[in-house]
Structure formats: C-alpha cells, structure tokens
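Protein chains in written order, with our numbering: chain A, 1 to 351; chain B, 352 to 702.
Protein chains: 2
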Amino acid sequence: MGFIQNTQVVLASRPVTDIDPKTTFRKQTVSLSDELGPNEVLVKVLFVSLDPAMRGWMRDVRSYIRPVRIDEVMRSSDVAQVIKSNSPDYKFGDIVRVTCGWQEYAILTPSEDMVKIKTFPGVSPSTYLGVLGPTGLTAYFGITDIGEIAKKGGPNCTVVVSGAAGATGSVAAQIAKHVYGCRVIGIAGSDDKCDYLTKELGLDVALNYKSKTFFKELCVATPKLIDIFYDNTGGDILDGCLRRIAFKGRIVVCGAISTYNEAVPKGPAYYSALITQRARMEGFIVFDYAKQYGKAIEDMSKWIKEGKLKSRETIVHGIENAPDALVKLFNGDNTGKMLVKVADEETRSML
Amino acid sequence: MGFIQNTQVVLASRPVTDIDPKTTFRKQTVSLSDELGPNEVLVKVLFVSLDPAMRGWMRDVRSYIRPVRIDEVMRSSDVAQVIKSNSPDYKFGDIVRVTCGWQEYAILTPSEDMVKIKTFPGVSPSTYLGVLGPTGLTAYFGITDIGEIAKKGGPNCTVVVSGAAGATGSVAAQIAKHVYGCRVIGIAGSDDKCDYLTKELGLDVALNYKSKTFFKELCVATPKLIDIFYDNTGGDILDGCLRRIAFKGRIVVCGAISTYNEAVPKGPAYYSALITQRARMEGFIVFDYAKQYGKAIEDMSKWIKEGKLKSRETIVHGIENAPDALVKLFNGDNTGKMLVKVADEETRSML
Chain A
1 MGFIQNTQVV LASRPVTDID PKTTFRKQTV SLSDELGPNE VLVKVLFVSL
51 DPAMRGWMRD VRSYIRPVRI DEVMRSSDVA QVIKSNSPDY KFGDIVRVTC
101 GWQEYAILTP SEDMVKIKTF PGVSPSTYLG VLGPTGLTAY FGITDIGEIA
151 KKGGPNCTVV VSGAAGATGS VAAQIAKHVY GCRVIGIAGS DDKCDYLTKE
201 LGLDVALNYK SKTFFKELCV ATPKLIDIFY DNTGGDILDG CLRRIAFKGR
251 IVVCGAISTY NEAVPKGPAY YSALITQRAR MEGFIVFDYA KQYGKAIEDM
301 SKWIKEGKLK SRETIVHGIE NAPDALVKLF NGDNTGKMLV KVADEETRSM
351 L
Chain B
352 MGFIQNTQVV LASRPVTDID PKTTFRKQTV SLSDELGPNE VLVKVLFVSL
402 DPAMRGWMRD VRSYIRPVRI DEVMRSSDVA QVIKSNSPDY KFGDIVRVTC
452 GWQEYAILTP SEDMVKIKTF PGVSPSTYLG VLGPTGLTAY FGITDIGEIA
502 KKGGPNCTVV VSGAAGATGS VAAQIAKHVY GCRVIGIAGS DDKCDYLTKE
552 LGLDVALNYK SKTFFKELCV ATPKLIDIFY DNTGGDILDG CLRRIAFKGR
602 IVVCGAISTY NEAVPKGPAY YSALITQRAR MEGFIVFDYA KQYGKAIEDM
652 SKWIKEGKLK SRETIVHGIE NAPDALVKLF NGDNTGKMLV KVADEETRSM
702 L
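The structure is reproduced here in structure tokens:
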C-alpha cells in the first residue's frame, strides 16, 4: 500500500457574475491511499473536458443536476486510465470516460457513468470528450431530435448555428450540412473562426457576430429565413435569429454561454416571434438520451471516417490551469473542444 | 339607391410605446352607397372585438398578418347583421362573424372570413366574439394542441394561466380545470378578478400578480411545479413561471400583453430553464386551425350547456369609444371579453 499525491481544484466560492480564477477556485494537494475496496478502481485522469454548462453547476439553484458544493472538487467529464483495479471488469491500462472532476487521480466504483473506450489508431482518447463524447452527442441529439432535422432537411432547409466554431456547434453544423444537406450558416466570434467554418468545415456561410452590421449580414444570408436555429450563445444572436425565424421554425436551446456570467440575464426580447411564426424553442440535456448513445457514436464514427465530421481541440496543460482555461472558454479563445491535458498514459503499472 | 352615414375609426399613426387614443386613431364619417354589386352584402356592425393582438397589427413589422395601413379602418373581428344582400347565401337579418373593423357598416363579398352564426336563446351573438369566437378558439387549440393537455391532464397536472380573468385565459383555465381535471392556478391583476376565478370559475387558486410576494405565493401554489403554463402576459409573470417549470413542462405562448407597448420588450431572463428542465415554449395562431373550428365550437357549446364554461363580457358603447376601450384592455380594466357594442339589431329592413 502506498500514497499518491493528488492535486485537485475545488470550488472555493460561487461567482455572481464572471469567474475569477483566483477566488472562484482553490488548488489543493491531498494524499490518496492506493488501497482499493471491493470492486473499486484507481484511475489517473488524462484529459478534462471544459464546458459552458459548468458555469451552471456553480450556481446554487434548481437545475438538472445538483450544484457543485463549496470545497468540493470541481465537476467535469474526464478521460482517465485505470491504473489499479479490484473490479473484474477493469484492468490496468483500460481507458474510460468518467465524471471525476478536476483532479489527477480518483478512486471510483464502476457505475453507469464509467464507460470503457475502445481506442483506435488516429483517434485520440480525448475524442471521447469531444465529437464522440457528451459534447458531440449533445449536438447529435439536439439537431436530430429537438431540431427534427430529418423532417425538414435538404437544400431548402436553412440552419443557423451559433457558437459554430465551438465543440458542440461545429458538430451540429457539420451534421446539418454534410449529413442532411441543408444550407448552413455558422456564427462565430472571429474572422479566423469564420474561415475555419467555411474553408475547413464546408459551411455555406460564416458570420462574425462582432461585426457592426451583423444583423444585416444575417438577413442577407437567410433570404428564406431560418428553419432551424441551433443556439449555443443566447443574447443578441438569439434575438437576431428570432427576428429571422421561419414559419414553424425550431430553436434548439442547447446553451446560452453569453448569459451564463450575468446575475440576471437579458432574455430574448423578440421571443414573441414564437407566436407570429408559430415557432418552437425547446431545451434538452444529453443525459436523457443515454440509451441511444451507442447508435449515435456508431453514426458519428462513420461520419468521421467519411470525412463528414472534422474536429479541432484547444488544449491547455496541467490541472492547475483549468480555472484559467475555463475563463478562456467563456472568452471564446478556443476553436473546437476546450480540454486540459492532465497527464500522459502510463505504459506499465508503477504501483 | 341611398347613402348611409358610416362612422369609422382609422389608424392615424403607429404608436412606438403606449397607444394614445387621441393621436393613434382618427374618427371619420363617410358616405356609403347602399348599391350592391353582384354577390355583395351590406352589413351593420353590432359588436366589435377588442384583442391584445391588435397592438401587433399596428406595428410595421413582419408578422402573421399584414400591418394595418395608416388611414385604413382599424382591423377587428366583428359580429354584424346582414341588412341588404345580393348574395344567394345571405338574406336580411342573418348574423355573421366577419373581419370588417372599427366602423358601423361595410359592404363585403362573402368569403371564408364571413361565417354565419346560428343564434340561440340565452346566448348573445357577442358570444361568437368571445367563447365561441376567435378568443375562445385560441384557448381551445392552445391548451389542447400546444399544451398537449390530454397527454398530461388529471389532478397531478399543474396548469398555470396568466391573464386568467381575460377572455382567452378564462376559457383556457376552465377547460384545464373542468374538462381535464387539472390543478389550475389563475393569475390576474386584482383581488376582485381573483375572487371571480376561484368563486365563479372554480379554479383551485388565484394569485394577484401585483402582490409584493407574488413569486413566493406562486411557489407555494405550485408545490409540484408547473406542467403547463398558458401565457397571455409575458414579462415578470413568464419569468416567475419559467423558474417553476417542471421537467418536460410546456409553455403555451398565446400572448404577451405586458410587453406589447414596449418599443423593445424585456425578454424572459430565465428562459434557460428550458434547457435545465427540458421544457418547450411554443407559439401559435388560431387561424391555422380553421378546419377544426367546427369540432371545437361543438365541444365548447356542450361545455357551456354543462356549466363547465362560463364567461363575462365588459362592454363599451359606441364605435367612437373603441380607442379608449382598447387602452382599457391594456390596463386590465376588463373582466372577460372586452367588446364595443356598436348598434342593436334591426328587426326589419329600413333600406
């Protein structure tokens, strides 16, 4: 039996508005005994996923999941390696996707939350936090189930995606474009991201929402209005798209990153377009689709192989840098999936 | 051939915020020849319907119907009497529901918009502007189709209705309570209206939104949260109900009267509850259900006879008073349907 030094980042205080990396979080190092109880496994965290939803987990309000407690390790989806196991189902070296938060190691009892990953050449395990993880699955179910894209798809269907250069938006936009053949307009926050959207991901149009003439450009880009708006940002972009929503249009409310740091956010002023255009705004949480993950991962793996689904990662190194990286995510400094690389895989057991 | 003096109220200017009866509208009297072309009918307006939606018709924006033009007679649903007819389908004395606006007389060619009313003892023709007219039909289709009340109904289903003492709200609330057996909370703007909701309409709870502790009272009244929110008002009431929306809750966006006079309305700050609770907000326009009006009127006539559907009217006299009455509607001075009585029926032809 030995002890491992485990660096963790815990929630130190609940931010009212912006996250302050120095006061919102606190780094600590604790000793973790490597002695395992029956069926337990010890995992080493390799990658930590950073997601806009984390801002919601820090609020002490009724939500789909309990808030992270003060002094608790910050919650996150991670990819980890089993480095010691008392479970008949896991052995040294297995790679798993699991929710063990901002720390280097964790002792866990395998549950539904722990999913073994089949790694294959050319696909980093981190992909299971991005396209083939909760992020990509969110896009998949949002655009297919809530957006009902199969009903409307095709070149006469105009789809607009906000946060289109982000991890979820880029997947939703590519599915709409390359699987369902829609006209797809991606919205992002820099000209570089817009280039990425049209040149690398093949979207029809990309718009920089920071442009002074953004709404005018949106009007020009949507001559037949917007059939499906996949929204990751909320705010003025949502309002602009409400003003352009088509008859019976669908607004997939995936996220509202532009509002998450506001104490009381500004709501969509033009929501009454829902009435005049008989439109629908609907939210969802990917967890509800857990039973359909298998089919979705199969579909998306196929689309990756066919070149229909590309992805990028923005990687920060070291668990102690997770707070700064989360702030960068809210500032839109990432393209594609924002990750913290915590450690390399171990090739042989050190315990 | 003769001439009739026809008093009309026309749109004089588009209000940016509140309606000013003196400058927004203009009264005029024109001479109308009673000579009819082939198939035309001359109608005398008996009742004019006043509806929150009229505020939208005065805005020059993309909507479900073209804006009323400047100097055009203000649009409204009316009940009128045919007093001269060149149509084989209409004769003197027929009572019709029609959209001929704020005027005393009109010459019309019968179209789908003109519906002959079967009057019967104890039911005023004005009922066809209220419970059995567009107002009541709006409630019927909103609560059944958009609210999907048949899927959730019963005592474990909590329904909240804003503007519950109004013409549409009172019908939606009574259908939820007395047809589908839900727990129904009505929201209104005075204690008298609240008494009407519980004592006369039989709702479970009535809340005065002007109370300083309104949100607290809403929480107490919805211990199992809100499965269906039928919204006529928008604003803070919508936000309060978003904060209390249940898992997979439905928000029926019927209207947003509290916001119609605002140049840029305040949107619902808590709309991201749609995400966390997997909820849906959806708008609709009653016209889309035209093919199902017959069945709906049959159902509602039956419910009236069974005592399940009661209604009140607030009646103002004289077409020249329509502008003031419309302002009163926005001030919430009415209980039940707000109408202008323009004239009595004629018992024999004067032409």
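Backbone N, C-alpha and C define an ideal beta-carbon position, used for all residues, glycine too. These figures come from a predicted structure and were not determined experimentally.
Which stretch, first to last residue, makes up the beta strand (DSSP E) that contains residue i?
i, result
"GLY186 of chain A", "183 to 188"
"GLN81 of chain A", "78 to 85"
"THR380 of chain B", "376 to 384"
"MET632 of chain B", "631 to 634"
"GLY600 of chain B", "596 to 604"
"ALA527 of chain B", "From DSSP, ALA527 of chain B is part of no beta strand (DSSP E); its letter is neither H nor E."
On the DSSP bridge assignment, give the partners of residue i in chain order.
i, result
"LYS302 of chain A", "In DSSP, LYS302 of chain A forms no bridge with anything."
"HIS317 of chain A", "A:LYS341"
"LYS442 of chain B", "The partner list for LYS442 of chain B (beta bridge, DSSP) is empty, contrary to what the question assumes."
"ALA106 of chain A", "A:VAL43"
"ASP582 of chain B", "B:VAL604"
"LYS116 of chain A", "A:VAL96"
"GLY267 of chain A", "B:GLY618"
"PHE3 of chain A", "A:SER33"
"GLY687 of chain B", "B:GLY517"
"GLN359 of chain B", "B:GLN379 and B:GLN454"
Spatial neighbours of residue i within its chain, please: C-beta separation below 8 Å, excluding the five flanking residues on both sides.
i, result
"PRO461 of chain B", "ASN390, VAL392, SER438, ASP440 and TYR441"
"VAL412 of chain B", "PRO418"
"ALA173 of chain A", "VAL159, VAL161, ALA164, VAL184, GLY186, LEU197, LEU201, LEU203 and TYR230"
"GLY336 of chain A", "GLY130, ALA165, GLY166, ALA167, SER170, SER311, ARG312, GLU313 and THR314"
"LYS561 of chain B", "GLY540 and SER541"
The alpha helix (DSSP H) that contains residue i, what's its start and end?
i, result
"ALA516 of chain B", "From DSSP, ALA516 of chain B is part of no alpha helix (DSSP H); its letter is neither H nor E."
"LYS310 of chain A", "It is not in any alpha helix (DSSP H) - LYS310 of chain A carries neither H nor E in the DSSP assignment."
"TYR491 of chain B", "485 to 492"
"VAL327 of chain A", "322 to 330"
"ALA557 of chain B", "Per DSSP, ALA557 of chain B belongs to no alpha helix (DSSP H); it is in the beta strand (DSSP E), 556 to 559."
"LEU569 of chain B", "565 to 572"
"ILE500 of chain B", "500 to 503"
"LEU274 of chain A", "273 to 276"
"ASP195 of chain A", "191 to 195"
"MET355 of chain A", "Because residue 355 of chain A is not part of the residues shown, which for chain A are 1 to 351, the question remains open."
Near residue i, which residues of its chain fall below 6 Å by C-beta distance, leaving aside the five closest residues on each side in sequence?
i, result
"THR358 of chain B", "THR380, GLU455 and ILE670"
"ASP227 of chain A", "LYS152, CYS157, THR158, ALA246 and GLY249"
"ILE497 of chain B", "VAL603, GLU633 and PHE635"
"ASP239 of chain A", "PRO268, ALA269 and TYR270"
"HIS668 of chain B", "LYS692"
"PRO616 of chain B", "THR610"
"VAL556 of chain B", "ILE536 and ALA572"
"LYS378 of chain B", "VAL360 and GLU671"
Is residue i near the ligand FMN, judged by its Cβ being under 7 Å from some heavy atom?
i, result
"LEU554 of chain B", "Because no ligand of any kind appears in the structure shown, any question about the ligand FMN cannot be addressed here."
Kindly list the residues whose CB is nearer than 7 Å to the CB of residue i, restricted to its own chain and excluding five residues on each side of it in sequence; keep chain order.
i, result
"LEU242 of chain A", "PRO268, TYR270, TYR271 and ALA273"
"TRP102 of chain A", "GLN8, VAL9, VAL48, VAL73, MET74, SER76, ILE319 and ALA322"
"TYR644 of chain B", "LEU488"
"GLU697 of chain B", "LYS395, GLN432 and ILE434"
"ALA325 of chain A", "LEU50, VAL316, MET338 and VAL340"
"CYS605 of chain B", "THR489, GLY493, THR519, TYR581, ASP582 and ASN583"
"LYS467 of chain B", "ASP445 and VAL447"
"GLY683 of chain B", "GLY540"
"CYS100 of chain A", "VAL43, VAL45, ASP78, ALA80, ALA106 and LEU108"
"LYS544 of chain B", "ALA516 and THR686"
Could you tell me which chain E residues have their CB closer than 7 Å to the CB of residue i, listed as they occur along the chain?
i, result
"VAL604 of chain B", "Among the protein chains of the structure shown, namely A and B, there is no chain E."
Contact between the stretch 466 to 476 of chain B and the stretch 373 to 380 of chain B (3+ Cβ pairs under 8 Å): Too few Cβ pairs lie closer than 8 Å, so no.
Residues from the stretch 626 to 643 of chain B in contact with chain A, defined by Cβ distance under 8 Å: Taken in chain order, the members of the stretch 626 to 643 of chain B whose beta-carbon sits within less than 8 Å of a beta-carbon on chain A are ILE626, THR627, GLN628, ARG629, ALA630, ARG631, MET632, GLU633, GLY634, PHE635, ILE636 and ASP639.
Residues from the stretch 410 to 443 of chain B in contact with chain A, defined by Cβ distance under 9 Å: Taken in chain order, the members of the stretch 410 to 443 of chain B whose beta-carbon sits within less than 9 Å of a beta-carbon on chain A are VAL412, ARG413, SER414, TYR415 and ILE416.
Contact the stretch 361 to 371 of chain B vs the stretch 596 to 616 of chain B: 3+ CB pairs below 8 Å: The stretch 361 to 371 of chain B and the stretch 596 to 616 of chain B touch, with no fewer than 3 CB-CB distances between them shorter than 8 Å.
Contact between the stretch 503 to 513 of chain B and the stretch 622 to 635 of chain B (3+ Cβ pairs under 8 Å): No, they do not touch.
At least 3 beta-carbon pairs within less than 8 Å: the stretch 166 to 174 of chain A vs the stretch 212 to 219 of chain A: Segments in contact, no.
Three CB pairs or more closer than 8 Å across the stretch 641 to 656 of chain B and the stretch 419 to 431 of chain B: Output reads no: the stretch 419 to 431 of chain B does not touch the stretch 641 to 656 of chain B.
Stretch pair the stretch 443 to 450 of chain B + the stretch 650 to 665 of chain B: three plus CB contacts closer than 8 Å: Flag = no, the stretch 443 to 450 of chain B and the stretch 650 to 665 of chain B do not touch.
Near-chain A residues of the stretch 611 to 624 of chain B (beta-carbon distance less than 7 Å), N- to C-terminal order: For the stretch 611 to 624 of chain B, which is checked against every Cβ of chain A, the residues closer than 7 Å are VAL615, PRO616, LYS617, GLY618, PRO619, ALA620, TYR622 and SER623.
Under 8 Å (Cβ pairs) to chain B, residues found in the stretch 198 to 210 of chain A: Of all residues in the stretch 198 to 210 of chain A, none has a Cβ within less than 8 Å of some Cβ in chain B.
Residues in the stretch 687 to 702 of chain B having any Cβ partner in chain A nearer than 8 Å: Those residues of the stretch 687 to 702 of chain B that come within reach of chain A (Cβ to Cβ, closer than 8 Å) do not exist; the list is empty.
Contact set between the stretch 495 to 520 of chain B and chain A, restricted to residues whose Cβ is under 8 Å from the partner: For the stretch 495 to 520 of chain B, which is checked against every Cβ of chain A, not one residue is closer than 8 Å.
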